[in-house]
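Read the structure below first, then the notes.
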Amino acid sequence: MIASLWRTPFPHQKIALQKRSHPVFDLLTGFVSVVICFVFAFAVVNYVIGPIQSRLVGEGVIASLIFLPHGVRLLSTWLLRGQAVLPLAIGEAVSTFYIWQPDFPPHAVVLASIVGGSCCYILLEGFRMLGVDLYPSDIAMPDWKALIMIAGLSSFINAIGHGLAYAQTYSSLQEILQIVFFVLGDTTGTVCLMFLLLFAMRYLRQ
1 MIASLWRTPF
11 PHQKIALQKR
21 SHPVFDLLTG
31 FVSVVICFVF
41 AFAVVNYVIG
51 PIQSRLVGEG
61 VIASLIFLPH
71 GVRLLSTWLL
81 RGQAVLPLAI
91 GEAVSTFYIW
101 QPDFPPHAVV
111 LASIVGGSCC
121 YILLEGFRML
131 GVDLYPSDIA
141 MPDWKALIMI
151 AGLSSFINAI
161 GHGLAYAQTY
171 SSLQEILQIV
181 FFVLGDTTGT
191 VCLMFLLLFA
201 MRYLRQ
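Following the numbering used here, the numbering of the sequence shown begins with 1 at its first residue and continues without gaps.
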């Protein structure tokens, strides 16, 4: 199903590709879109998924078990490469300051946001330098399993980076379990977002 969705173009795609748009406009559009998507996904987690999770499993689990913003991180970076890093960092900073509102100093939030904005790009570029290019290509199908693996690995880097930014030592069992929940939530959130987008694409193509 995923393969067929990837191969099937939108009816207007061939016409749209023939139109030449200004690169600055494309850059600004992509920038704003990434910020909005991240903030929206964060709001869904905070106001919808979070309360449901608390009722089902209680307040003991700190991390969201379906963290959609990490899917935004991965897919935005996969599509836009390095151009996604700054809007992702801004989106996370805005979400943290205005939605989550934790009791952390501003410089720690900014540092954590930079880690979150760059974690997927670091891994994708690292694999590319090793000869494994996972970015979109016209001649190869996307390796969805590899992208899900990237989601998990980048989540681990992100969790460690956030811990350092927020002065966590990860010396206790609870803090180590927190990393496990972060990785689990980020990975499941990425998979859920992928399927949501694929079903939306399938609906629009009907």
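We put the beta carbon where it would ideally sit given N, CA and C, even for glycine.
TODO: Counting only the same chain and skipping the five closest in sequence on each side, list residues whose C-beta sits under 8 angstroms from that of LEU123.
DONE: Result list for LEU123: ILE150, LEU153, SER154 and ILE157, in chain order.
TODO: Assign ARG73 to one of two classes, buried (16 or more other C-beta atoms within 10 Å of its C-beta) or exposed (fewer than that).
DONE: buried
Open item on the list: Whole angstroms are fine: how far does the CA of ASP133 sit from the CA of SER54?
Closed with: 39 angstroms
- [ ] Measure the C-alpha to C-alpha separation of ALA112 and GLY185 and round it to an integer number of angstroms.
- [x] 18 angstroms
- [ ] Within its chain, find whatever has a CB closer than 8 angstroms to the CB of GLY50; leave out the 5 residues flanking it on each side and keep chain order.
- [x] SER64
Open item on the list: Just to confirm my understanding: we take GLY189, look at its own chain, exclude 5 residues before and 5 after, and list those with CB closer than 6 angstroms. What are they?
Closed with: ILE66, PHE67, LEU68, HIS70 and GLY71
Open item on the list: Within 10 Å of its beta-carbon, does PRO87 have 16 or more other beta-carbons around it, so buried, or fewer, so exposed?
Closed with: So PRO87 counts as buried.
- [ ] Quick one: give me the first and last residue of the alpha helix (DSSP H) that LEU130 is part of.
- [x] From DSSP, LEU130 is part of no alpha helix (DSSP H); its letter is neither H nor E.
Open item on the list: Between the stretch 163-173 and the stretch 37-47, can you find at least three pairs of beta-carbon atoms closer than 8 angstroms?
Closed with: no
Open item on the list: Alpha carbons only, please: which of LEU198, ILE114 and VAL24 is nearest the one belonging to GLY91?
Closed with: ILE114
Open item on the list: According to DSSP, simplified to helix, strand and coil, what is PRO106?
Closed with: helix
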